[in-house]
Each structure stands twice: as structure tokens, then as C-alpha cells.
Amino acid sequence: MTISLSHRFFTISLLALTVALSGCASRLEKPRLPDVFIDPAPGGKTNGTYTLDLFNADFGDYTRAIKNPVPTEIDLKTATALRNKMVYGVLAEIDYVYHNYEISLFMNEGSFKVATDVLQLGLGMASTITNGERSKTVLSAVLTGVTGTSLSIDKNFFRQQTVQSLISSMQAGRDRTKALIIRRLNNETASSYPFQAARSDLATYFFAGTLPGALQQLNQTAAASAKDERKALTDVTVQDVENAKKLNETIAAEFAANKLDKTVAFLKAMGVTVDDPTDKAKVEAAYRDLANRAFDDPVLKKKFDEEAKKAGLIK
Amino acid sequence: MAIHKHLVAGGQTLVEQERALNEMELTLFAKVTGYAEIFGTTNNEATLEDVPIGQQPGPLHLVAADDDTQAAKVIAEQKKAGKTLAFQGKVFVVNIGAIVLGFR
Chain A
858 MTISLSHRFF TISLLALTVA LSGCASRLEK PRLPDVFIDP APGGKTNGTY
908 TLDLFNADFG DYTRAIKNPV PTEIDLKTAT ALRNKMVYGV LAEIDYVYHN
958 YEISLFMNEG SFKVATDVLQ LGLGMASTIT NGERSKTVLS AVLTGVTGTS
1008 LSIDKNFFRQ QTVQSLISSM QAGRDRTKAL IIRRLNNETA SSYPFQAARS
1058 DLATYFFAGT LPGALQQLNQ TAAASAKDER KALTDVTVQD VENAKKLNET
1108 IAAEFAANKL DKTVAFLKAM GVTVDDPTDK AKVEAAYRDL ANRAFDDPVL
1158 KKKFDEEAKK AGLIK
Chain B
9 MAIHKHLVAG GQTLVEQERA LNEMELTLFA KVTGYAEIFG TTNNEATLED
59 VPIGQQPGPL HLVAADDDTQ AAKVIAEQKK AGKTLAFQGK VFVVNIGAIV
109 LGFR
């Protein structure tokens, strides 16, 4: 089969456009880095990068300060200060590589999608305007292949999640671990939270900012929400607690006097039927069931409060 | 007595969570016996045990501690003040993990 000049021209133009569009994306990713962030620093100067040499020096000092099984107070203070310095140094380095990774993940996915979209569009057009059944079949097969590759990457690497949701998930996992590390650094000495323990938390922090870490966090969140449809209680005011106290006292008084009129009227208004309204055990069971359901469902809880007032349980 | 579990939003302050737990106890005729964060969410879960109607225990007061050493100190101080520890748990307070102790 010979390929016509117009087809060659079309294919070359398509590839050039794909490459050009992908190239455009790299200019969007980030502004120029300030010199103090460029690694290695320009002109052989030093910047704030926590290098392996600096780490080794600090780790040596830390090990010397904490070498005794029972370190003196001064040694412990020195070791704690050095531990904090090392941990914050490593945190900054992890943050730096993470943000670069986040940008490349976002930009590479964008570039890949632009490239495959352009390719699919071109192949679709080419198969429409091409003369000859064989050429049409070949172009359609290539188009199917390109579409399949794009779907496969989405399915196997990203598990059909958007990059935005993966980045949000990574950030949530990182924030959670960082808060834990900082709390322990602020509250614990190098004796109860030694550098080795912090190093383990730093590893968790690093892996929270990876694609597998993001997918794992998304799965855990989805699993937790799927099995738990209860709503968390929020916005309880001082007046709400006062009302609950009154309700508790009124119901307790009715049970003590063996006169359950208000409680039964309330249950009836809430749509709860009690077989024998004079049976204390049955009324109590019906009330407890309703109240427990109300604390998992804000709509039911609102109605519960309104009807309790109407029935005179909250005076 | 029956056990029930209910959620409290971990984005709230300690005072707001204290109000939520007290409202639960009074309305449900129950007492909180456990309080813990739920992994993978920012919610806390309260475990409540039913109490007989008319025998409601006193109000709950929450205190936060940074670590186990401080928690032990808080328990000793509250004990001196005549308070009893009802529960102790790792929970979210304003979305940050903390040790919380419940006294009455």
C-alpha cells in the first residue's frame, strides 16, 4: 500500500501539533524558582537545602548527646533541639520534592490527555476523509489502539480517579501526619520521641504524598463512608443541653409517677406506636430506640426536638 | 444495659464536643463510657451505655492532654477535686488528634 503525499503531510502536522501543545504545558507549570530554592545553589553558594552532609553532622551530634542510657538534662535538651532541627530539615526536603511531584503529576496527565485527544481527533478525521477501505480500516484500528491506551492508563495507574482528587487525598494524608509529627516535637523530648521514631513518622509522611498513598487514603475514606451512614452531631448549643436536661427530668418524673401521658403523646406524634401505652418497659424501649435513631439523623433529631416541646417534655 | 455508638464532629472545639456529649447522655438516658477517633474520617465516636431512667449521672466535663504524662497529671488533679475519670481516648479536636479525658 502506498501512502499519499497529503496523508504524510497530515500525519507530520498532527505529530508536530501534539509535540507543540505538550511543550506549551511545561511553561504553565510554575514560576521561576527563587535562587535560594534552586538545588544546587547557583555559583557554588549555599542555600537552605538540608543536604546529606548537614544531616550527617547533626545526626553525629545528636547521637553523642543521647549516647548515655540516662542522659543529663543538658544532653537531653541538646538532643531534643537537634532532633527538631533534623526533622524540620527533612520535612522541608520532603515538601520540596512533593510539590514538584504534584506539579509533574498534574502537568504530565494534562499533556498526555492533550496529546491523545489531538491524536484521536486527527485519526478520526483522517479515517473519514481517506479514500479506500483498507486505509480506513488501518486508521480506525490505530484510533481504537490510542483510545484503549488512554483508558488503560486511567484504569491501571489512576484507578479512574481524577488527578485533582488524588492530589487532595495526598494532601489530606500529609496534613494528618504532619500535624502528628509537629505535636510530638512540641510536646515530647528526645527521650520519649527519639529521632528514630520521628524518622518512622517521616517515612509515613513521605509515602502519604505518593500515588499509592493517595489511592489507599481514598479507599479508606470511601470504605468508612460506605459502611457508616450516620451523621456526626454538631452545633449543640447551651440551650440544647438545657432542653435535654428538662426532657430528661420530665420523662424521669413521669416514669417515677407511673403516669406516661406526655411521653406516650410524644411517641405518637413521632409516629411510634406502642402496643400497650401503660407498659413502662415497652414505652421505655420505644423511646430509647427513637432517641438513638434521632442522634444519627439530623432531620429526625429536629423533629424530635420540636415534638418534645409540643408534648410538654421540654417546658 | 444496652450499648449505643454515635458520632460527634471532630472539627468542633472541646467545649462544643462537651455540649454534644452532655446532650446525648441526657436525651438517651445513658452515660458515655468511651470516646475515640474514627480512622479515615474526622469524626469521633462516643460509646454510650444505657442507665436506668431517673438515675442520670452528673454532667460530663472534658479536658485535653498533650501526652500520657500530662494525662496522668490531669487525672491526679481532677481526682483531688473529687472528680472521677469516665473515659480517656484519642480523638479529633478542631480536626487535630488529641488525648481527651472525660470527668464527672
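Chains as they are written, first to last, in the numbering used here: chain A, 858 to 1172; chain B, 9 to 112. Beta carbons are placed, not taken as given, at the ideal position from N, Cα and C, and that holds for glycine. Note that the structure is predicted; figures quoted are calculated from it, not measured.
| query | Would you say residue 1121 of chain A reaches chain B, if we count a Cβ-Cβ gap shorter than 7 Å as a contact? | reply | no
| task | Give the interface partners of residue 1129 of chain A over in chain B, defined as CB-CB distance under 8 Å, in chain order. | result | Within 8 Å Cβ-Cβ: nothing; residue 1129 of chain A doesn't reach chain B, min ~15 Å.
| query | Alpha carbon to alpha carbon, what distance is there between residue 948 of chain A and residue 1073 of chain A? | reply | 22 Å
| message | To the nearest angstrom, how far is the alpha carbon of residue 47 of chain B from that of residue 102 of chain B? | response | 15 Å
| task | Can you give me the Cβ contacts of residue 1063 of chain A inside the same chain, cut-off strictly under 6 Å, excluding the 5 residues immediately before and after it? | result | 951
| said: Taking the beta carbon of residue 1158 of chain A as the centre, do at least 16 other beta carbons fall within 10 Å, making it buried, or is it exposed? | reply: buried
| query | At a CB-CB cut-off below 8 Å, which residues of chain A make contact with residue 85 of chain B? | reply | Within 8 Å Cβ-Cβ: nothing; residue 85 of chain B doesn't reach chain A, min ~18 Å.
| Where the alpha helix (DSSP H) containing residue 199 of chain B begins and where it ends | Outside the shown range of chain B (9 to 112) lies residue 199 of chain B, about which nothing can therefore be said.
| Closer than 9 Å at the beta carbon, the chain B residues around residue 1113 of chain A | Result: 61 and 62.
| message | Whole angstroms are fine: how far does the CA of residue 1058 of chain A sit from the CA of residue 922 of chain A? | response | If you draw a straight line from the Cα of residue 922 of chain A to the Cα of residue 1058 of chain A, it comes to about 22 Å.
| query | What are the start and end residues of the alpha helix (DSSP H) that includes residue 24 of chain B? | reply | 22 to 36
| message | Going by DSSP, what residue range makes up the beta strand (DSSP E) through residue 94 of chain B? | response | 93 to 101
| request: Within the same chain, show all residues whose beta-carbon is closer than 6 Å to that of residue 1055 of chain A, passing over the 5 residues directly before and after it, in chain order. | output: 944
| task | Pull up the distance between the alpha-carbon of residue 955 of chain A and that of residue 1034 of chain A, whole angstroms please. | result | 14 Å
| Would residue 112 of chain B pass as a contact of residue 42 of chain B if the rule is Cβ separation under 7 Å? | no
| residue 108 of chain B versus residue 1032 of chain A - alpha carbon distance | 21 Å
| task | Pull up the DSSP beta-bridge partners for residue 51 of chain B, would you. | result | B:17
| task | Could you spell out where the beta strand (DSSP E) holding residue 70 of chain B opens and where it closes? | result | The continuous beta strand (DSSP E) containing residue 70 of chain B extends over residues 69 to 73.
| Boundaries of the alpha helix (DSSP H) in which residue 111 of chain B is found, first to last residue | Note, residue 111 of chain B: premise wrong, no alpha helix (DSSP H); beta strand (DSSP E) at 104 to 111.
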